[in-house]
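In mature numbering (1 follows the signal peptide of the UniProt record, and there is no 0), the protein residues as written are -22 to -1, 1 to 162. Just so you know, even glycine gets a beta-carbon here, dropped at the ideal spot from N, CA and C.
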Amino acid sequence: MASIFFLVFLLVFSESAVPTAGESLIKRNAKPCQRLMLHLHDIFQEGINNTFPNATSASVTEGVPGFGPFLFGKLYVFDNPVTGDENMNSPPAARARGFYLYDRKDTPNTLFLITLSFNSSEYKGTMTMLGNNEHGAETRDIPIVGGTGDFFMARGIATLETEVLDFVKSYFRVRMDIKLYECY
């Protein structure tokens, strides 16, 4: 009899702990628990004469022939400096490593996988982003899907905004407004 009572007790209270439609296991914070403003600097290999020995990104595949003008299938890898201000020569706050893949045939668009690697007196660890980067948009939100060290299991949003795009110097700079909503 006691075991039946205990079983009913568990069922009643465990059901109240399970979220229903529209609820989440994690309550949404109205404000981020941590915020970072960083600047990613990229010198791409394919400049006017392909003569950029200090390139921080390079293509490893070409776009698929016959799939339109938007480089569908082209893949770039990168290892870019990230600073706390707009100056590329400032002390690095992190390194951005990963790849981007042109993944649409009808418009310029890339799928980003970025891991920010921090190794400074302020932060240690990594933060990983994975998401869609729509080139025509003024700002793009890339989900933060995890991290290590100071960013252990971090989740949030990185809002990207292109600040500089200079084809002559083969350089672009992207501001990353990082808002973490799950901090441990």
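Given Arg13, which residues of its chain have a CB within under 6 Å of its CB, disregarding the five upstream and five downstream residues? Lys157
Which of helix, strand or coil does DSSP assign to Asp128? helix
CB contact check: Gly109 to chain C, cutoff 8 Å: Protein chain content of the structure displayed is limited to a single chain, and chain C is not contained in it.
By the DSSP assignment, the beta strand (DSSP E) with Met66 in it spans what residues? Note, Met66: premise wrong, no beta strand (DSSP E); not H, not E.
Give the DSSP-derived three-state secondary structure of Phe48 in the structure shown. coil
Strictly by DSSP, which residues pair up with Tyr159? Bridge partners of Tyr159: none, in fact.
At what residue ranges does the region 97 to 147 contain a whole run of the beta strand (DSSP E), taking only runs of 3 or more? 102 to 112, 117 to 125 and 133 to 144
What residues in its chain sit with their C-beta under 6 Å from that of Glu64, if we drop five residues either side in the sequence? His17
For Asp57, which residues does DSSP report across the bridge? Arg75
Find out if the Cβ-Cβ distance for the pair Phe130, Thr85 is shorter than 8 Å. no
Assumed close pair Asn111, Thr137 - CB separation to whole angstroms, cut-off 8 Å: Going by Cβ atoms, the distance from Asn111 to Thr137 rounds to 12 Å, so no, they are not a contact pair.
Find out if the Cβ-Cβ distance for the pair Gly134, Pro10 is shorter than 8 Å. yes
Please classify Leu94 as buried or exposed, where buried requires at least 16 other C-beta atoms within 10 Å of its C-beta. buried
Between the beta-carbon of Ser148 and the beta-carbon of Phe56, is there less than 8 Å? no
Run through DSSP, which three-state label would Asn87 get? strand
Taking the C-alpha atoms as reference points, what is the distance between Gly(-1) and Phe90? With a pLDDT of 48 at Gly(-1), under the threshold of 50, the modelled position of this residue cannot be trusted; read the value that follows with caution. Roughly 29 Å separates the two Cα atoms.
Determine the direct distance from the alpha carbon of Lys102 to that of Tyr78, and round the result to whole angstroms. 24 Å
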